[in-house]
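Residue numbers (the numbering used here): 330 to 514.
No residue lacks a Cβ here, since even glycine has one placed at the ideal position from N, Cα and C.
Have a look at the structure below, then the notes.
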């Protein structure tokens with residue numbers, strides 16, 4: 330049974346103090362939460378931290394989830410708010426600096442992984458927030474347009490439109506980068 334179908338019962342159990350139920354919610358929604366955070370902040374390590382913080386906050390405020398049948402939308406709203414707050418704090422911190430320190434590559438990444446990740450993250454950052462959320466949830470997480478629409482509070486048609494435009498922009502950006510590399514390589 331998909332996590333969205335089990336969510337109402339898991340929320341009820343978690344509200345009664347069953348830690349295994351909330352653990353199952355975390356396992357079921359961690360990747361989508363990460364994808365939404367990544368869509369907003371654009372940095373994988375920060376997106377992981379934001380997703381974890383969002384789950385901690387969701388656990389604390391679980392009683393405020395009015396409709397457990399829409400847990401995914403409620404949770405992803407928390408993730409979005411956490412990510413936007415993180416961006417605002419980062420901007421305040423970075424005001425005194427001329428530029429942020431260079432991002433360190435993740436340990437354990439092979440050279441090919443880093444070579445592919447950087448252009449993709451750069452291309453994703455050129456998309457609008459809604460386009461990034463939809464493309465990451467659909468293409469990375471395998472969500473349907475119906476699931477995306479419910480979680481993000483948009484129509485299925487709008488989800489499809491965001492995906493179409495996002496893929497078109499990503500393709501153009503990534504193909505443009507590859508042709509530049511071939512010219513200089």
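Problem set entry | Option in 463, 494, 485 with minimal Cα separation from residue 361 | For the purposes of this step, residue 361 is identified with residue 32 of the chain shown, where counting begins at 1. For the residues 463, 494, 485, the minimum Cα distance to residue 361 belongs to 463.
Exercise. Who are the Cβ neighbours of residue 384 in its own chain at under 6 Å, not counting the five residues just before and after it?
Worked result: Within the chain shown, the letter at position 55 stands for residue 384. Within the same chain, residue 384 has close Cβ partners 355.
Exercise. Is residue 526 helix, strand or coil by DSSP?
Worked result: With the chain running from 330 to 514 in the structure shown, residue 526 is simply not present.
Exercise. Over what stretch of residues does the alpha helix (DSSP H) that includes residue 353 continue unbroken?
Worked result: Taking the first residue of the chain shown as 1, we reach residue 353 at position 24. Segment 348-370, the alpha helix (DSSP H) holding residue 353.
Exercise. Using DSSP with H/G/I as helix, E/B as strand and the rest coil, what is residue 330?
Worked result: One-based indexing of the chain shown puts residue 330 at position 1. Here residue 330 sits in coil by DSSP.
Exercise. Can you give, in chain order, each stretch of the alpha helix (DSSP H) that sits fully within the region 435-508 and has at least 4 residues?
Worked result: 440-454, 458-464, 474-481
Exercise. Which same chain residues, not among the five before or five after residue 366, have their C-beta less than 6 Å away from its C-beta?
Worked result: On the chain shown, residue 366 is found 37 positions in, with the first residue counted as 1. The answer, listed in chain order, is 376, 379, 380, 408, 412.
For this session: Mind reading off the beta-carbon distance from residue 337 to residue 402? Whole number of angstroms is fine, and I expect it under 8 Å.
Result: Here residue 337 refers to the residue found at position 8 of the chain shown. Here residue 402 refers to the residue found at position 73 of the chain shown. The Cβ separation is near 13 Å, so there is no contact.
For this session: Within 10 angstroms of the Cβ of residue 593, are there 16 or more other Cβ atoms? Answer buried if so, exposed if not.
Result: This structure does not reach residue 593, given that the chain is present from 330 up to 514, and the question cannot be answered.
Problem set entry | Contacting residues, own chain, Cβ-Cβ under 7 Å from residue 341 (five flanking each side not counted) | Translated into positions along the chain shown, residue 341 becomes position 12. Only 397 meet the Cβ criterion.
For this session: Report the three-state DSSP secondary structure of residue 345 (helix, strand or coil).
Result: Residue mapping note: residue 345 aligns to position 16 of the chain shown, counting from 1. In the structure shown, residue 345 sits in coil (DSSP, three-state: anything other than H, G, I, E or B).
Exercise. How about residue 456 and residue 495: are their beta carbons less than 7 Å apart?
Worked result: Along the chain shown, one-based indexing puts residue 456 at 127. Along the chain shown, one-based indexing puts residue 495 at 166. Yes, the pair counts as a contact, with Cβ atoms nearer than the cut-off.
Problem set entry | Limits of the alpha helix (DSSP H) - the one that residue 386 falls within | Position 57 of the chain shown holds residue 386. 373-389 is the span of the alpha helix (DSSP H), which, as asked, contains residue 386.
For this session: Return the chain-ordered list of same chain residues with a C-beta closer than 7 Å to the C-beta of residue 459, the five sequence neighbours on each side being excluded.
Result: Translated into the one-based positions of the chain shown, residue 459 becomes position 130. Counting only Cβ-Cβ distances below 7 Å, and skipping sequence neighbours, we find 491.
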